[in-house]
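Protein chains in written order, with my numbering: chain D, 487 to 856; chain W, 15 to 528; chain L, 10 to 327.
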């Protein structure tokens, strides 16, 4: 008896939606097991998580706080992944965006008219993220250096740099011993909508719309999709692949830098610990789970943020370890990865033919669709 | 050639049936093989020959049918089972690991190989086998260092080393020079003289007549006939293979030649391994003519096409299109100068499988004002353009929004041709355009090429099918080891002469024809 | 150059490089079989935390090492299942493994202390130095090379062993064929899937072992981010080593050396800010990668295993 995978002739919409849904179910089951092992009733825990994340307007706003950076970095990572450029450096690009925005907010307020400080911080922060992404991009585009490792190394460098700055040269002298910069002047504050949720949400939605339009309706987006799906064909029709890689990564880095800008000007309003908490890595999960679709990224980011916020809530209330949320994230993606196989292939169980003399044997093929 | 016909065949396949999604590759096929004979398995591309043999050597499982070896019913579940029964196959794409030596490749997967393989013993046996059958090769050489003919020898040695006595060869002559083909005939004769048997898969009638004792013809997945080679003829075999009278000659009108479109002068280039692939090629193609490039694969044809289309840099010489020098320019520049390219790797290079038919058809034209303005694309424009091409070139597809990977081979090629011909502004470079296509699609493609030529395009046709070149080219240039050894008009071309040139003999040399 | 400084640096180099070398050799084996496993960081983390936890609770270092091996192998097997049987995208699967492994290690670190509390900050049994008689008395190098812990000695043995197995044995031959050209290996009767599963697990086990060295010998104890990106540096070193176990030693020595220099400079009270020193290994990784990748001609002949990262399926197609 053998299990045979047969390539599907047509991948229906239904299948493509079912796969992430089933993966979610699978992950919830896995999480339930972990919860049980920690001596917690999973139903109570999940209910508490839902309530903590979406229960009232305050919870939703807190969920938004985590969702916005995930949206922006998720969009950035999605663009890169579309080019099959494994941008693991979202975390570092976010950090650099936050770092430069901090510099502008703290030190440019004397040099610039007050209305321009925040826009300058935003623009320069995006540039910083773009530059940080451009370095591995150039290395890959022109020297074929593996980008998985270079983008990751840039993360460590950026995180160390940020930490160094707010512990050292930019440390607030009146800071009561807590390492961090002084609070930004009000002109550099990104306006908030409700609670701590801030205007970065608009940036995220606009970015998603722009990204969708670029991918589906522009020549550049067309070329990007072609290159991601078949670089040989891209070259053959005359696309300048190195240039495309660099421009796509500038965009990707800028979006991640923007996430960092929003974090420091909208949420924390200073530079301190709490900027680099793993959004850049979670963004990878967000991008992959949404199948690199910009609107999908917004949705998945929101749901995943709910998971994180809810996880924080039950951690405090039920004494669960902080890493629970991290574990659940990983648990979510594994079935997603496995599930993607079923989207493309069908399962068939084939039994060997019984060797009887005379009559031609009939194959017993059981088709189990999933 | 006498083969001892025993009462019981050494191999019998009965009622073999094999399905794949959407296609019935083998339909209750019967086949018999006797000791000491060479059996040809003849059929067009897609007739089911490779499938049948893959079933025999354990790579596929049949849905129905039985296999009997030396009188006993067997169940072949894997290549290992096949080897145990003495059955082995030399595939068209060699199953060799390039970065390993000959000896290492031969012992790969060998039954009873010790933990620390004793290569001295292996090498000695290889040398023995080599001299016995005429398959000499250096056991310590790395596969990437060997010529294609030598690599094939390694493949056959792999089988003989394992005491295989039913050898299957899949299109073995596709990559050989005429001289190497003669060597292979000799090897096969020696092999079967000892009581082994061989099946070779081919679609070339001449080889059937040259090599085999008997021939089985497959068509549309069915066994339509088995003949003794001495009692049949190429015409009969062709008819059996194709099922209708085959047009061996297409209508070809003489055409007015226009100005020179492509001019190559002293072109030199390296291949991917850094070795010289083009050693000073000079050639011209004028508007309204088809120049065919003949030659065994691997003599620089691929590199030539790549240099003209901007996919490879030259290290010397010039390429000029309509007077403009395009040596070492980008593919985009070549396209802008009017060069169209129908590539060898159809699916890998010419198409994006997951994208729609419309998107693929637009791959060249999306930069034009019909389909885009500034940075923005017009999807409606793209669809209209695609529908135009689908209708004009008769491409069978459910619609322009179907993903192109679901199209059949012939329609894929039509789609690429449609796109390239629409975009063509002077020069068309077509590389193996009919490879792997069935007869109907092949004829369409050749007609399209002739049409293009009649409209005044210059066409450079690279093909391994000499018949095709003779059929539609105006002139034929023969390439050997990176040089053009001769250019002859196709009209009264002497096939033997061309064969000699393919093997390296120059046009002006006096050589005794074999 | 002050000889005792040299000896000291050599000693720290070996100590620092041991975990890196284990992980690198493990990943070399995995990639030689054709599987790209980017989860090395996660596997090292899990190896580190499980080794320390077991050592703390059972006082048995042997058991700790065994558990680390198993933990790494187990985690790698998940990646193997996804990559081989389910043909998932290997890059994303490996990344997920790192995220998951890091989170899991953190989770366990919070839970595996005495009575279910934290492991951080606890002091447990560690691997002491074991000077080899006679050899450790050799001038200059003796006290560096031959006065190390057992796992470091283990690495001395594993490197030549790994090389011999890869190039001189039958299983090594089969492994290389699977990584270079799985279609051929399959046609010759080698079970491609099984081979890939095996060496992915082996790679995971060695990564776990590397992690164990960190928590049992180098850093002694468990802290968050104990690996500090070593798993990633190991992945880069595989490329630097051109998939050869002997060359891996050079890479590990280089990075061990950087660690050692960092250490000595900080101990000697330097004015260079700590952050900059800490950045050195990561900057060095990038530089090394660029130089190696740029050395093109070499790459063409001794390149990555031909089928690295590509899923293999005996294509049933007409």
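Using N, Cα and C, we set each Cβ at its ideal position, and we do this for glycine too.
Please read all numbers here as calculations on a predicted model, not as lab measurements.
Could you check whether the Cβ of residue 94 of chain W sits closer than 9 Å to any Cβ belonging to chain L? Position 80 of the second chain, counted from the start, is the residue given in the question as residue 94 of chain W. Yes, residue 94 of chain W lies at the interface with chain L (some Cβ there is under 9 Å from its Cβ).
Run down chain W in chain order and give the residues with a C-beta less than 8 Å from the C-beta of residue 779 of chain D. Mapped onto the first chain, residue 779 of chain D falls at position 293. In chain order: nothing, as chain W lies at least about 14 Å away.
Look up residue 652 of chain D in the DSSP assignment and give the residues it is bridged to. Reading the first chain from its first residue, position 166 is the one you call residue 652 of chain D. In DSSP, residue 652 of chain D forms no bridge with anything.
Which of the three DSSP states, helix, strand or coil, is assigned to residue 457 of chain W? The count along the second chain starts at 1 and reaches residue 457 of chain W at position 443. Three-state DSSP puts residue 457 of chain W in a helix.
What separation, rounded to the nearest whole angstrom, lies between the Cα atoms of residue 123 of chain W and residue 221 of chain W? What you label residue 123 of chain W is simply residue 109 of the second chain in a count that begins at 1. What you label residue 221 of chain W is simply residue 207 of the second chain in a count that begins at 1. Each residue's alpha carbon lies about 32 Å from the other.
What does residue 110 of chain W touch in chain L if you count any residue whose Cβ is under 9 Å from its own? Counting from one through the second chain, the residue named residue 110 of chain W turns up at place 96. Near residue 110 of chain W (Cβ distances below 9 Å), the residues of chain L are 190, 193.
Is it true that the segment 250–263 of chain L meets the segment 43–54 of chain L, where meeting means three or more beta-carbon pairs spaced less than 8 Å apart? no
Of the choices W:427, W:203, W:133, W:184, whose alpha-carbon is the least far from that of residue 56 of chain W? Your numbering for residue 56 of chain W matches position 42 in the second chain. Nearest of W:427, W:203, W:133, W:184 to residue 56 of chain W, Cα basis: W:184.
Which of helix, strand or coil DSSP assigns to residue 316 of chain L: Looking up residue 316 of chain L in the third chain gives position 307. In this structure, residue 316 of chain L counts as coil in the three-state DSSP scheme.
Collapsed DSSP secondary structure at residue 321 of chain W in the structure displayed: For this step, residue 321 of chain W is matched to residue 307 along the second chain. In the structure shown, residue 321 of chain W sits in a helix (DSSP, three-state: H, G or I).
According to DSSP, which residues form a beta bridge with residue 386 of chain W? By one-based count along the second chain, residue 386 of chain W stands at place 372. Per DSSP, W:391.
Between residue 217 of chain L and residue 79 of chain L, is the Cβ-Cβ spacing less than 9 Å? Residue numbering aside, residue 217 of chain L sits at position 208 when the third chain is read from its first letter. Residue numbering aside, residue 79 of chain L sits at position 70 when the third chain is read from its first letter. Yes, the pair counts as a contact, with Cβ atoms nearer than the cut-off.
Residue 455 of chain D - containing alpha helix (DSSP H), residue span: Coverage of chain D is limited to positions 487 through 856, which leaves residue 455 of chain D absent and any answer about it impossible.
Within 10 Å of its beta-carbon, does residue 207 of chain W have 16 or more other beta-carbons around it, so buried, or fewer, so exposed? Numbered from 1 along the second chain, position 193 holds the residue referred to as residue 207 of chain W. Classification of residue 207 of chain W: exposed, given that the 10 Å Cβ count is below 16.
Secondary structure at residue 844 of chain D, three-state DSSP: helix, strand or coil? In the first chain, counting from the first residue as 1, residue 844 of chain D sits at position 358. With a pLDDT of only 34 at residue 844 of chain D, under the threshold of 50, the placement of this residue in the model should not be trusted, and no figure is reported.
Which residues of chain L have a Cβ atom closer than 9 Å to the Cβ of residue 716 of chain D, listed in chain order? Counting from one through the first chain, the residue named residue 716 of chain D turns up at place 230. In chain order: nothing, as chain L lies at least about 15 Å away.
DSSP on residue 339 of chain W, reduced to helix/strand/coil? Within the second chain, the letter at position 325 stands for residue 339 of chain W. Three-state result, residue 339 of chain W: strand.
Kindly indicate which three-state DSSP category residue 771 of chain D falls into: helix, strand or coil? As a position in the first chain, residue 771 of chain D is number 285, starting the count at 1. In this structure, residue 771 of chain D counts as helix in the three-state DSSP scheme.
Contact list for residue 724 of chain D against chain W, beta-carbon separation under 7 Å: Walking along the first chain from the start, residue 724 of chain D turns up at place 238. Per Cβ cutoff of 7 Å: 344, 345, 346, 349.
For residue 240 of chain W, the three-state DSSP class (helix, strand or coil): Along the second chain, read from residue 1 onward, the residue named residue 240 of chain W stands at position 226. Three-state result, residue 240 of chain W: strand.
Please classify residue 328 of chain W as buried or exposed, where buried requires at least 16 neighbouring CB atoms within 10 angstroms. As a working mapping, residue 328 of chain W is identified with position 314 in the second chain. Counting Cβ neighbours within 10 Å, residue 328 of chain W comes out buried, since at least 16 surround it.
Are at least three pairs of beta-carbons, each pair with one atom in the segment 545–559 of chain D and one in the segment 789–801 of chain D, less than 8 Å apart? yes
Spatially closest choice to residue 284 of chain L from D:564, D:536, D:648, D:612, by CA coordinates: Taking the first residue of the third chain as position 1, residue 284 of chain L is located at position 275. Checking every option, the nearest Cα to that of residue 284 of chain L belongs to D:648.
Under 9 Å (Cβ pairs) to chain L, residues found in the segment 613–642 of chain D: 621, 622, 625, 629, 630, 631, 632, 634, 635, 636, 638, 639, 640, 641, 642
Any Cβ of chain D within less than 9 Å of the Cβ of residue 65 of chain W? Position 51 of the second chain, counted from the first residue, corresponds to residue 65 of chain W. No, because no Cβ of chain D sits closer than 9 Å to the Cβ of residue 65 of chain W.
Could you work out which residue in D:630, D:592, D:704, D:639 is closest to residue 658 of chain D when comparing CA atoms only? Counting from one through the first chain, the residue named residue 658 of chain D turns up at place 172. It is D:592 whose Cα lies nearest to the Cα of residue 658 of chain D.
Is any beta-carbon of chain W found at less than 9 Å from that of residue 847 of chain D? Here residue 847 of chain D refers to the residue found at position 361 of the first chain. Residue placement at residue 847 of chain D is flagged as unreliable, the pLDDT there being 31, under the threshold of 50; a coordinate-derived value is accordingly withheld.
Contact check, residue 614 of chain D vs residue 654 of chain D under 8 Å by CB: the rounded distance? On the first chain, position 128 is the one that residue 614 of chain D refers to. On the first chain, position 168 is the one that residue 654 of chain D refers to. Actually they do not touch by this definition, with Cβ atoms about 19 Å apart.
With distance defined between alpha-carbon atoms, name the residue in D:562, D:791, D:813 nearest to residue 539 of chain D. As a first step, residue 539 of chain D must be located in the first chain, where it is residue number 53. For residue 539 of chain D, the nearest C-alpha among the options comes from D:791.
Where residue 101 of chain W sits in the DSSP three-state scheme: Indexing the second chain from 1 puts residue 101 of chain W at position 87. Residue 101 of chain W falls in the strand class under three-state DSSP.
Counting C-beta neighbours from all protein chains within 10 Å, is the total for residue 153 of chain L 16 or more, i.e. buried, or is it exposed? Residue mapping note: residue 153 of chain L aligns to position 144 of the third chain, counting from 1. It is buried - the Cβ of residue 153 of chain L has at least 16 other Cβ atoms within 10 Å.
Measuring straight from C-alpha to C-alpha, what distance separates residue 291 of chain W and residue 494 of chain W? Here residue 291 of chain W refers to the residue found at position 277 of the second chain. Here residue 494 of chain W refers to the residue found at position 480 of the second chain. Roughly 10 Å separates the two Cα atoms.
Identify, in the order they occur along the chain, each residue of the same chain with its Cβ nearer than 8 Å to the Cβ of residue 29 of chain W, setting aside the five sequence neighbours on each side. To locate residue 29 of chain W, count along the second chain from 1; it is residue 15. Closer than 8 Å at the Cβ level, and outside the excluded window around residue 29 of chain W, lie 42, 43, 44, 78, 79, 80.
Please classify residue 157 of chain L: does DSSP put it in a helix, a strand, or coil? By one-based count along the third chain, residue 157 of chain L stands at place 148. Correct three-state label for residue 157 of chain L: strand.
Under 8 Å by beta carbon: chain D residues contacting residue 287 of chain L: Here the question's residue 287 of chain L lines up with position 278 in the third chain. Here the neighbours are 646.
Assuming residue 143 of chain W and residue 171 of chain W are in contact, meaning their beta carbons sit under 8 Å apart, how far apart are those beta carbons, in whole angstroms? Counting from one through the second chain, the residue named residue 143 of chain W turns up at place 129. Counting from one through the second chain, the residue named residue 171 of chain W turns up at place 157. Yes, they are in contact, since the Cβ atoms of residue 143 of chain W and residue 171 of chain W sit about 6 Å apart, within 8 Å.
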